[in-house]
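Visitor: My structure is below; once you've seen it, I'll send some questions.
Protein chains: 2
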Amino acid sequence: MPTKTFFNLSDAKRERLIDVATKEFSEKSLNEASINAIIKSASISRGSFYQYFENKEDLYFYIVKTIKSDSEELFKQELKKADGDIFVGFRNYFPHLLINMMEEPNANFYKQLFLHMDYRATKEVAPEELSSHEEGSIETKKSVFSFVNRTQLQVDSVQELNKLMRLITSIMMHEIIEGFARDYSQEKIKANFYQKLNWLEFGAKK
Amino acid sequence: MPTKTFFNLSDAKRERLIDVATKEFSEKSLNEASINAIIKSASISRGSFYQYFENKEDLYFYIVKTIKSDSEELFKQELKKADGDIFVGFRNYFPHLLINMMEEPNANFYKQLFLHMDYRATKEVAPEELSSHEEGSIETKKSVFSFVNRTQLQVDSVQELNKLMRLITSIMMHEIIEGFARDYSQEKIKANFYQKLNWLEFGAKK
DNA sequence: TATTATATATGACACCTTGTCACAATGCAA
DNA sequence: TTGCATTGTGACAAGGTGTCATATATAATA
Numbered sequence: 020m021p022t023k024t025f026f027n028l029s030d031a032k033r034e035r036l037i038d039v040a041t042k043e044f045s046e047k048s049l050n051e052a053s054i055n056a057i058i059k060s061a062s063i064s065r066g067s068f069y070q071y072f073e074n075k076e077d078l079y080f081y082i083v084k085t086i087k088s089d090s091e092e093l094f095k096q097e098l099k100k101a102d103g104d105i106f107v108g109f110r111n112y113f114p115h116l117l118i119n120m121m122e123e124p125n126a127n128f129y130k131q132l133f134l135h136m137d138y139r140a141t142k143e144v145a146p147e148e149l150s151s152h153e154e155g156s157i158e159t160k161k162s163v164f165s166f167v168n169r170t171q172l173q174v175d176s177v178q179e180l181n182k183l184m185r186l187i188t189s190i191m192m193h194e195i196i197e198g199f200a201r202d203y204s205q206e207k208i209k210a211n212f213y214q215k216l217n218w219l220e221f222g223a224k225k
Numbered sequence: 020m021p022t023k024t025f026f027n028l029s030d031a032k033r034e035r036l037i038d039v040a041t042k043e044f045s046e047k048s049l050n051e052a053s054i055n056a057i058i059k060s061a062s063i064s065r066g067s068f069y070q071y072f073e074n075k076e077d078l079y080f081y082i083v084k085t086i087k088s089d090s091e092e093l094f095k096q097e098l099k100k101a102d103g104d105i106f107v108g109f110r111n112y113f114p115h116l117l118i119n120m121m122e123e124p125n126a127n128f129y130k131q132l133f134l135h136m137d138y139r140a141t142k143e144v145a146p147e148e149l150s151s152h153e154e155g156s157i158e159t160k161k162s163v164f165s166f167v168n169r170t171q172l173q174v175d176s177v178q179e180l181n182k183l184m185r186l187i188t189s190i191m192m193h194e195i196i197e198g199f200a201r202d203y204s205q206e207k208i209k210a211n212f213y214q215k216l217n218w219l220e221f222g223a224k225k
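Read top to bottom, the protein sequences are chains A and B. Quick note: the first sequence, position 11, residue 30 per this note's numbering, numbers continuous. Quick note: the second sequence, position 163, residue 182 per this note's numbering, numbers continuous.
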């Protein structure tokens, strides 16, 4: 996380820095992007940068966190509308996610992110509740899981439900990555995702 | 790909270089690994390195290709044994894959690979036939697909079958990555994978 | 207001990369 | 031996990162 000093900065300076960095990360991958380029564009001295951030990653994942809209909340809403049916919930949630990720202003940032994402980045992008995955402490906090109608699912516990939802999430992400890589239209990505969701929901076997 | 010059090298020199590089890539990620370290350990001059390889990636993916056992062939065999049932095929194939990836001598190399893998690397590791994915030219070559019993599946075409198998492959990889990240035992990884395979096969909905 | 304390800014520096290139040293064939 | 093709070499330019002693604001206190 950025330091207190960073958050003490004037809005103008802070936003300028973030804007410049976001632009850099939208054009280059995390590895290719350079602190030099950022501080030069933002007219900030090298020393200052390191007073705000531990390193490039620190800045990067702060931006990821910022950009990522509160998707979990949105999903909960769709889940409620769907009376706790996660398949319907995911289907209706997916278009929102696509828009957030594949349309301006975030499209290029996400493209770079997804095409160069490693395991760590995956966790940063995934909904927090699902990725945390502490097997014991799930039931305590009132969470997405409480909105799910489990009776209609082949799951025996919240842990299994968690696994199932994480599976769907990862399939979802996978489709978006594939979409970025192959320049698929949103429609095509949706079709691909829905097909996989159908297999998972009803079985791929006759 | 490495140059002709590289393959002209004496076995001793070539193997020494590959050994040293493999060790480096088993301890550090592709990004962290340094050509300097490799050429120093292998007692090779900087100029020579660039006469063998275009860059670090060139060497890296050559090693990946080498290390990766011909998994496709193994899978075909399991598929035949299973009378074309891909679910049985994948179930029986998975333990082989786990051993190849999670036991000596490849374990650390794969761990680094998987924990820092991006989209490109994903494609390098995935079975070639599945990753190529040229929608037209699939049926021509006699391939895995010809061993699959499609009648029992909810797929309408070879393209759909390809998608389904790519889905399973990606779930499989995902489980292995998760396993590396969380230091799961092979047994736990298997259990996780089989559960997901069951959902996919028979449906996650009651 | 003058002085002290705290927070912020700075850029030279050491140390690391990578890829290139002019040149040296081989090996092999005529 | 001469000549050509192949292989080997390390200094070099250009770029990267993180640190640190020092300078400059800004706030707080006497």
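Ideal placement from N, C-alpha and C gives every residue a C-beta, glycine not left out.
Determine, for lysine 209(A), whether the minimum Cβ-Cβ distance to residues of chain B falls below 9 Å.
Guide: Here residue 209(A) refers to the residue found at position 190 when the first sequence is read from its first residue. Cβ-Cβ to chain B under 9 Å: no for lysine 209(A).
Visitor: Among the residues of its own chain, which have a CB less than 7 Å from the CB of isoleucine 54(B), if the five just before and after it don't count?
Guide: Taking the second sequence and counting its residues from 1, one reaches residue 54(B) at position 35. Once the five neighbours on either side are set aside, the close Cβ partners of isoleucine 54(B) are Phe68, Lys75.
Visitor: Please return the same chain residues whose Cβ sits closer than 6 Å to the Cβ of isoleucine 157(A), not counting the five positions on each side in sequence.
Guide: Position 138 of the first sequence holds residue 157(A). The pLDDT assigned to isoleucine 157(A) is 46, lower than 50, so where the model puts this residue is not dependable, and the model offers no usable value.
Visitor: Is it buried or exposed for glutamate 97(A), if we count other Cβ within 10 angstroms and need 16 for buried?
Guide: Here residue 97(A) is taken as the residue at index 78 of the first sequence, counted from 1. Glutamate 97(A) should be labelled buried.
Visitor: Indicate whether at least one CB of chain A lies closer than 9 Å to the CB of glycine 108(B).
Guide: Translated into positions along the second sequence, residue 108(B) becomes position 89. Not closer than 9 Å to any Cβ of chain A, the Cβ of glycine 108(B) fails to qualify, so no.
Visitor: Check each candidate in Met121(A), Glu220(A), Asn181(A) and name the one with the smallest Cα separation from lysine 207(A).
Guide: The count along the first sequence starts at 1 and reaches residue 207(A) at position 188. Nearest of Met121(A), Glu220(A), Asn181(A) to lysine 207(A), Cα basis: Met121(A).
Visitor: Give a yes or no on whether the C-beta atoms belonging to lysine 182(B) and asparagine 217(A) are separated by under 9 Å.
Guide: Position 163 of the second sequence, counted from the first residue, corresponds to residue 182(B). Position 198 of the first sequence, counted from the first residue, corresponds to residue 217(A). Cβ atoms of lysine 182(B) and asparagine 217(A): not closer than 9 Å.
Visitor: Tell me whether serine 189(A) is buried or exposed, calling it buried when 16 or more other Cβ atoms sit within 10 Å of its Cβ.
Guide: Translated into positions along the first sequence, residue 189(A) becomes position 170. Serine 189(A) should be labelled buried.
Visitor: Assess, as a yes-or-no matter, whether the segment 42-54 of chain A is touched by the segment 88-108 of chain A under the definition of 3 or more beta carbon pairs within less than 8 Å.
Guide: Short answer: they don't touch.
Visitor: Can you give the Cα-Cα distance for leucine 180(A) and arginine 169(A), rounded to whole angstroms?
Guide: Numbered from 1 along the first sequence, position 161 holds the residue referred to as residue 180(A). Numbered from 1 along the first sequence, position 150 holds the residue referred to as residue 169(A). So the two alpha carbons sit approximately 8 Å from each other.
Visitor: Under a three-way DSSP split, which group does leucine 180(B) fall into?
Guide: Against the second sequence, residue 180(B) aligns to sequence position 161. Here leucine 180(B) sits in helix by DSSP.
Visitor: Output needed for serine 64(B): all residues of its chain with C-beta closer than 8 Å, excluding positions within five of it in sequence on either side, in chain order.
Guide: Working through the second sequence from its first residue, we reach residue 64(B) at position 45. Contacts found: Ile58.
Visitor: Any C-beta of chain A within less than 9 Å: which residues of the segment 165-184 of chain B qualify?
Guide: The residues in question are Thr170, Gln171, Leu172, Gln173, Val174, Glu179, Lys182, Leu183.
Visitor: Residues in the same chain with beta-carbon distance under 6 Å from isoleucine 187(A), minus the five sequence neighbours each way, listed in chain order, please.
Guide: Position 168 of the first sequence, counted from the start, is the residue given in the question as residue 187(A). Cβ within range, chain order: Phe109.
Visitor: Between serine 88(B) and asparagine 119(B), which are expected to be in contact by the criterion C-beta below 8 Å, what is the C-beta distance as a whole number of angstroms?
Guide: Here residue 88(B) corresponds to residue number 69 of the second sequence, with the count starting at 1. Here residue 119(B) corresponds to residue number 100 of the second sequence, with the count starting at 1. That pair is a contact at about 5 Å.
Visitor: Report the residue from Asp175(A), Glu92(A), Asp202(A), Tyr71(A) whose alpha carbon sits nearest the alpha carbon of asparagine 134(A).
Guide: As a first step, residue 134(A) must be located in the first sequence, where it is residue number 115. The identity of residue 134(A) in the sequence shown is leucine, whereas the question assumes asparagine. Of the candidates Asp175(A), Glu92(A), Asp202(A), Tyr71(A), the one whose C-alpha sits nearest the C-alpha of leucine 134(A) is Asp202(A).
Visitor: For isoleucine 196(B), which residues from the same chain have a beta carbon less than 6 Å from its beta carbon, with the 5 sequence-adjacent residues on both sides left out?
Guide: On the second sequence, position 177 is the one that residue 196(B) refers to. Correct list, in chain order: Phe133.
Visitor: Output needed for leucine 36(B): all residues of its chain with C-beta closer than 7 Å, excluding positions within five of it in sequence on either side, in chain order.
Guide: If you number the second sequence from 1, residue 36(B) lands on position 17. Here the set comprises Ala61, Ile63.
Visitor: Anything in chain A within Cβ reach of isoleucine 196(B), meaning under 9 Å, just list it in chain order.
Guide: The sequence position of residue 196(B) within the second sequence is 177, counting from 1. Simply Tyr138, Thr141.
Visitor: What's the gap between the Cα of asparagine 27(B) and the Cα of aspartate 77(B)?
Guide: Counting from 1 along the second sequence, the entry for residue 27(B) is found at position 8. Counting from 1 along the second sequence, the entry for residue 77(B) is found at position 58. So the alpha carbons of these two residues sit roughly 17 Å apart.
Visitor: Please list, in chain order, all residues of the same chain as glutamate 148(A) whose beta carbon is under 7 Å from its beta carbon, the five residues on each side excluded.
Guide: Stepping through the first sequence from its first residue, residue 148(A) is reached at position 129. Once the five neighbours on either side are set aside, the close Cβ partners of glutamate 148(A) are Glu91, Ser162, Val163.
Visitor: Which residues in chain B have a C-beta closer than 8 Å to the C-beta of asparagine 15(A)? List them in chain order.
Guide: The shown model of chain A, from 20 to 225, leaves out residue 15(A), and the question about it has no answer.
Visitor: Taking only three categories from DSSP, how would you classify leucine 49(A)?
Guide: Taking the first sequence and counting its residues from 1, the one referred to as residue 49(A) is at position 30. Three-state result, leucine 49(A): coil.
Visitor: Anyone know if the C-beta pair for tyrosine 71(B) and proline 146(B) falls short of 9 Å?
Guide: In the second sequence, the residue the question calls residue 71(B) occupies position 52. In the second sequence, the residue the question calls residue 146(B) occupies position 127. Contact: no.
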